[in-house]
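Engineer:
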Amino acid sequence: MKEFSGIVDNIINRLTELNICSDDSVLVFDKGNNSKDNIEKVTSKMSFVGAAKANQAEELLDVPLSRYEYLYKNTKSNEIFGYGQNTSSTEQNSQL
Numbered sequence: 007m008k009e010f011s012g013i014v015d016n017i018i019n020r021l022t023e024l025n026i027c028s029d030d031s032v033l034v035f036d037k038g039n040n041s042k043d044n045i046e047k048v049t050s051k052m053s054f055v056g057a058a059k060a061n062q063a064e065e066l067l068d069v070p071l072s073r074y075e076y077l078y079k080n081t082k083s084n085e086i087f088g089y090g091q092n093t094s095s096t097e098q099n100s101q102l
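So for the sequence shown, my numbering puts the first residue at 7; every next one is plus one.
1. Might you give, ordered along the chain, the residues of its own chain that have their beta carbon closer than 7 Å to the beta carbon of N25, omitting 5 neighbours on each side?
2. Taking buried to mean at least 16 other C-beta atoms within 10 Å of its own C-beta, is S41 buried or exposed?
3. Should S83 go down as buried or exposed, given a rule of 16 or more other Cβ atoms within 10 Å for buried?
4. What are the start and end residues of the beta strand (DSSP E) that includes L33?
5. Can you name the start and end residues of the alpha helix (DSSP H) that L66 belongs to?
6. Could you tell me the alpha carbon to alpha carbon distance between I18 and I86, rounded to whole angstroms?
7. Near L21, which residues of its chain fall below 8 Å by C-beta distance, leaving aside the five closest residues on each side in sequence?
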């Protein structure tokens, strides 16, 4: 998506103007923006968390809940669990 690509550039430029290193920032976006080009662009500039459709993360859906580790409770008292080296979390862990 060209709009998303431009927004990423605007965010990076604004962070630079504010003397904030984009390497220290995390961009969160929904599954409508997770094209290969967008992910490559964001990865080269900052960390990110992007939603994925179930068919894009089938291997995670096959991981039994018992393999996820409790991490913390958020401000709404939802339990957050993680799996693997890069933590995957969900506020609705029973949905996996």
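The C-beta atom is built at its ideal place from N, Cα and C for all residues, glycine as well. Note that the coordinates shown come from a computational prediction; the quantities given were computed from them, not determined experimentally.
Structural biologist: This is what the structure gives:
1. So the list is empty, once near-sequence residues are dropped.
2. Exposed, because fewer than 16 other Cβ atoms sit within 10 Å of the Cβ of S41.
3. The residue in question, S83, is exposed, as its Cβ has fewer than 16 Cβ neighbours within 10 Å.
4. Residue range 32-35 is occupied by the beta strand (DSSP E) that includes L33.
5. 64-67 is the extent of the alpha helix (DSSP H) around L66.
6. Those two C-alpha atoms are separated by around 29 Å.
7. Take L21, set aside five residues on each side of it, and the residues of its chain with a beta-carbon closer than 8 Å to its own are C27, S28, S31, in chain order.
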